[in-house]
Structure formats: structure tokens, C-alpha cells
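Visitor:
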Amino acid sequence: MKRLIILLITLFAVATVAAQNDSTRYRYPLNLEPLYSAGFAEMRPNHFHSGVDLKTEGVEGHPLFAIADGEVVRIGVQPGGYGRVLYIQHTDGNISVYAHMQRFAEPIERFIQAERYRLRRNLGDFYPAAGQFRVKRGEQIGKAGNSGSSGGPHVHFEVRKTATQETQNVIVKEMIPAVDDIAPLIMRVHYIEVDTVRGVAVNAPRRTLGVKRVEPTVYTAASTEPMGVGAKGYFVLEASDRRNNVSNTFGLYRVTARVDGEVFYEYRMDGFTFDLSRYCNAVSYYPIKRNSRNEVFRLAQLDGNIFPYKQMRNRGIITTTRGQQRTIEIECEDECQNISRLTFVIEGRGDEASFRAKVDSTALVANNRSTFTHSADGLSIRIPAGALYEPIFYTQNINSRLNSEMVERNDSTLVVLSDIYEVGDASIPLQKAARITIRGFVPENLRRYTTIAGVGSNGGLWQAGGRYRDGEASVSTRSFGRYCLAADLEAPTVVAPFASGADMSSTKSISFRLRDNFSGVNSVVLTIDGKWAAWDRKSSGSPIVHTFDDERFGRNRTHTMRLTVTDGVGNTTVWEAEYYR
């Protein structure tokens, strides 16, 4: 009897899983339990996450399968971004995307290698002929990995509409299965009062409303007293989500906010086109989000934010009069329809107690709807229309303290050659690139190595871009911050796997480690006996790998291998050695 009960329970569990999988449109891409490490459209630095991340038990090499019949239409190979990635066109008008792969199926690997030699190009996108790689649902297309800009083994998976390239929420649309009965977590709410000066919205210091959970999905204000608010302002929500059987945090599918029962804000993420991805910086509250792992929603719409909210009334601005009490309700929903609600009361303090901004009358106004230009003290900037999300007061200064510190740090490999400029406010994001030009004298022997450097919060330098010509250097950047002129005088370092004269007859492949002090490796050219040779690279920090090809380069003789590595400003290292094979 006990065995019968166990058998029935087992059959029921199997039937439940089968039914769940039958309810989804596509085959799950792995032969593993559907577990996720990241959800769709989570807020990332400067973009929405364009797919979902599938767990692979923390290891590389799990077989990866096509979700439906189709054909491979695009293959990407990059040390950054998606790494090794396949795009499969399906007959239903969708394209599935499988990123960070370890390896493609062998016919595709052979195609990539042949294309590299045909095009004399190691990286980028490769396009097979129509019908060259047809696949069936459940056919293995490669192995899951950790290539590109990946923080650990997983599969980044997307489904896009072919016609528009809109990437879709595969969980909400039930394309692949997910199990989750945990409602979103509401962390806190901030209130930001607003005053307007010369057409610029000036925010008061934000005030935080503590919240408490009174039931599993019900939240209230921690204080029983109404929250005092000004004549006009908006709210910022910090929230997160969890899922069954994993410890990762996730984003939200929907946020709806009501005042006195009427919706004034609704965000819903069913999908997006990539031209909207960077508007993540305006959908979020950037000053908090850039340093937070929570999802941070600005429950208001900036003037230059064109993200298509489901509902938005009065741009999310809440108005009150003295003594007026209003009820705010915020509803958060995840991709599996779990919902949490926060309710609290606000009370107007009246105009006389409201925030009044004080701004220097000489402050420069940069308007988001028109081009702004400014030049002072050797630095000029051009901010095009549409780069800002709202009008701002623009600031630009020389950081005297950092100037003296940088002079002391100069050495024979990296030299700061100008003042350190504070350009704008780093807590203000840009949708489009601004153009920065720094003018200054540079000794003739350093000019070819001079570029614009960004200066980090710890004083460290990173290459922003641009080259010094005719007394100045220019760069396009989508970040305010600190910038200066700097000369990179050190060539890249090559760590070779063998010394000249080595016998490589039994070696399948070799790896070279590359290092650079500042501007990064810009180009790598490998030749064998004077002929172009292919190489591969898993990620930007990993070695470059050459797989020996005896059919192309011959065997049973001495060969000459030459590796030429150039950094971002033109410093070049040439490594050369002979080997027998």
C-alpha cells in the first residue's frame, strides 16, 4: 500500500511538471530544472536586461537546445557583450537568442573558423546562407558557457519579434516555464519635493518613508502618522523580488500607483525595443539606482523620457493643499502574477511650509530640448538636444585638489597633462552622448600617445577616448564626471606559452596572455610564416587562443609565429618566435 501511495505521488509530480511544460509555447533550452538567476527588463547600468538568465548549476558545458524548429541566421563571437551567441529564426515570426555559450555545435564551429580565414576577421557577427543551418525543436545547438561579459556560467536567453526586434517577456507570455509563489518585497519609499527655478525642476533632499509588512503581501507605513508633504512632489519606490529555490534577487513586471483610488502611474514590462533600453536611467531614480541592487522606480515622468508607460497622470506629480490628506497605494507585481501592496497617508503642509529652491542667478541652464554649448578654462562641451531628460543647471570646474595629487602620481608609463575637470553632475544620466574637448599644451614627444582620460572616484584613470591633434583632444561620452588629458607611454605586455625553438608537434592549441596598463588592447594580429592566422578569446580578460591548423600551415617543419598587439593610443608590442611542428 505504501509503495502504491509513493508511486501515485511520483506520477502526480511528473504529470504536474509535464502539464506546466505543455502550457508553455517553447521547449526549455536546457535539460535542467527551470531556475533563473535574473529576470526580464531588470534595471542594469544604462539599460534594461533584455532577456532572462538561466541557471546551469554553476558550471559550463551543459547541452543547449533549440526551443523550436528554425534556422540559424546570425552567429556572434565577441570577448565582451553576449560572447558566443546564436540567433535562430522560427516560423512563428520570432527569433530566439542564446548568449554566453561555451561552444557551438560542431558544424557551426567549422563554419566560424572558415569564415574567419575567408574574411580575415576573428570577431564580430557572421551570417550563414539561408537554410545552411536548419534546426529542429530539441536539437542540440551547442553548450552553455560563460563567454563575453558574464559574471558566471549561465545562459542569457531572449525571444525577439523578427519584424521589430522587440525583445519579449518570455515568462509573462508563457513561452518558457517558471515556478514562483513569492510576492515582491517593498523596501522603502522616498518623497521628493519639487520647486521650479528658471524652468529647471529643483529637488529638495529626499525624505524616506519607512515601511513594515503586516501580512505576507500587505505593507503599511512604519509610522501611524500621515507623512507630511509639500505643495508638489513625487515618490520613488525601492523594491525587489525573490523566486522559489534560488537566492537571487529579481525585478518587477508591473508597478501601479494610485492617489485616492485613481491611478496616476503604471509601469508594465511586456517587452521593449532596444532604442528604449537606455531610458532605464529615467524610469529609475538614477541617483539611488546607480549604487543599489534594488529596483528603484521614479513614480514620475521626466520631460525627455519617452518610455511608453501604461498610465501617467500629471507626470506623476502629487499636489496637496494645507491640511489635505490623501491616500497613496502602490502595487507591485512580478512575472508570475504575485502581488504586494503598500498603503499610506500623506498630509499637505501648505505653501508656506513648502520647499523653496535657492539658485545662483548666474547658473547656466542646459535645456533638454535644445543643444547646449559652453567653453571655459580649456574645456568645451556640446550637449545635443535629447541628451538630457530634463533641464538642468550645468556646472563645470577645475578640481585643484586632484590636480596636485595627479602630479605626484605621474610616472614613466602614464602622465596627466592637463587640469582635472569636473564636468557636470555625475548623478545626472545622459541619453545621448555629449562632446567634450580639452585644449592644452602637450610636449611633442607625447602627442601621439595623448588621449582623454576619465578620473574615477578613487583617482584612478580610465581611457575615455579621443586622440590629441592640433592642440586639443575630443571625445563623445554619455557620462558626466571628471576628465583630463593623459599620455599612455607603455606598450601592451605579451606572456607567451613557449620560447623560440620549441617543439609543438603534440600541442593542439596555445594561449597568449595580454596585459595593458591603461588604454586597453585595441588590436591583435597573429601570423604564421607571414600568413594571417585565426585566434579566439572567451572574454576581454582571458587569453587569446590559437588552434593549430596543419592543413593551412603545413607540418613537419619549422614555422615562424608573430603576434602584434596594439593598445588604444597606438603603443605596439611585437612578439616573434620559431617552433617546430
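In my numbering, the protein residues as written are 353 to 933.
Ideal Cβ positions, reconstructed from N, Cα and C, are used throughout, including at glycine.
#1: According to DSSP, simplified to helix, strand and coil, what is Lys860?
#2: Go ahead and pull the three-state DSSP assignment for Cys632.
#3: Can you list, in chain order, the stretches of the alpha helix (DSSP H) that have 4 or more residues and sit fully within the stretch 535-565?
#4: Among residues of its own chain, excluding the 5 on either side of Ser809, which ones have a beta-carbon nearer than 8 Å to its beta-carbon?
#5: Quick check on the DSSP output: the beta strand (DSSP E) that includes Asp902 runs from which residue to which?
#6: Report the CB separation of Val846 from Leu915 in whole angstroms; it is logged as a contact under 8 Å.
#7: Can you find the residues in the same chain that come closer than 8 Å, C-beta to C-beta, to Ile669, ignoring five residues on each side of it along the sequence?
#8: For the putative contact between Ile538 and Cys632, defined by C-beta atoms under 8 Å, what is the C-beta separation to the nearest angstrom?
#9: Using the three-state DSSP reduction, which class does Pro639 fall into: helix, strand or coil?
#10: Residues in the same chain with beta-carbon distance under 6 Å from Ser501, minus the five sequence neighbours each way, listed in chain order, please.
#11: Could you check how far apart the C-beta atoms of Leu841 and Ser770 are, in whole angstroms? I think they sit under 8 Å.
#12: What does a CB cutoff of less than 8 Å around Glu618 pick up in its chain, not counting 5 residues either side in sequence?
#13: Where in the stretch 770-853 do unbroken runs of the beta strand (DSSP E), each at least 3 residues long, occur, reported from the N-terminal end onward?
#14: Kindly examine the ligand MG and report whether one of its heavy atoms sits closer than 7 Å to the Cβ of Glu614.
#15: If Lys890 and Phe905 are in contact, beta carbons under 8 Å, what's the gap, nearest whole angstrom?
#16: DSSP three-state call for Ala715: helix, strand or coil?
#17: Is the CB of Phe463 under 8 Å away from at least one CB in chain C?
#18: What does Ser592 pair with, by DSSP beta-bridge criteria?
#19: With a floor of 3 residues, list each beta strand (DSSP E) that falls wholly inside the stretch 474-518, ordered by position along the chain.
#20: For Ile735, which of helix, strand or coil comes out of DSSP?
#21: Pick out whichever of Val524, Val554, Gly476, Asp444 has its Cα sitting closest to the Cα of Ile744.
#22: Excluding sequence positions up to five away, which residues of its chain have a Cβ less than 8 Å from the Cβ of Val487?
#23: Going by Cα to Cα distance, which pick from Ala839, Asp902, Glu510, Gln748 is closest to Leu731?
#24: Could you give the distance in angstroms between the alpha-carbon of Val877 and the alpha-carbon of Tyr820?
#25: Going by beta-carbon coordinates alone, are Ser499 and His452 separated by less than 8 Å?
#26: Please report the distance separating the alpha-carbon of Asp477 from that of Glu491.
#27: Please list, in chain order, all residues of the same chain as Tyr932 whose beta carbon is under 6 Å from its beta carbon, the five residues on each side excluded.
#28: Quick check on the DSSP output: the beta strand (DSSP E) that includes Pro459 runs from which residue to which?
Guide: Reading off the structure:
#1: In this structure, Lys860 counts as coil in the three-state DSSP scheme.
#2: In the structure shown, Cys632 sits in a helix (DSSP, three-state: H, G or I).
#3: Fully enclosed alpha helix (DSSP H) runs of 4 or longer: not present.
#4: none
#5: Element bounds for Asp902: not the beta strand (DSSP E) but the alpha helix (DSSP H), 902-905.
#6: Taking C-beta atoms under 8 Å as the contact rule, Val846 and Leu915 qualify, at a distance of about 6 Å.
#7: Cβ neighbours of Ile669 beyond the five flanking positions: Val546, Lys584, Gly585, Tyr586, Ala652.
#8: That pair is no contact at about 20 Å.
#9: Pro639 falls in the helix class under three-state DSSP.
#10: Answer for Ser501: Gly432, Gly433, listed in chain order.
#11: At roughly 16 Å, the Cβ-Cβ gap does not stay under 8 Å, so Leu841 and Ser770 are not in contact.
#12: Arg606, Val607, Thr608, Ala609, Tyr661, Lys662, Gln663, Met664
#13: Counting only runs that start and end inside the stretch 770-853, the beta strand (DSSP E) elements of at least 3 residues fall at 773-775, 781-791, 802-807, 813-817, 824-831, 833-840, 845-847.
#14: This structure lacks the ligand MG; in fact it carries no ligand of any kind.
#15: Not a contact, Cβ separation roughly 23 Å.
#16: coil
#17: Checking the listed chains, one finds no chain C in this structure; it contains a single protein chain.
#18: Leu537
#19: Counting only runs of at least 3 residues, the stretch 474-518 fully encloses the following beta strand (DSSP E) elements, listed from N- to C-terminal order: 476-478, 492-496, 506-513.
#20: strand
#21: Val554
#22: Closer than 8 Å at Cβ, skipping near neighbours: Ala418, Asp421, Gly422, Glu423, Val424, Ile440, Ile493.
#23: Gln748
#24: Each residue's Cα considered, the two are about 25 Å apart.
#25: yes
#26: 22 Å
#27: Asp855, Thr910
#28: Per DSSP, Pro459 belongs to no beta strand (DSSP E); it is in the alpha helix (DSSP H), 458-471.
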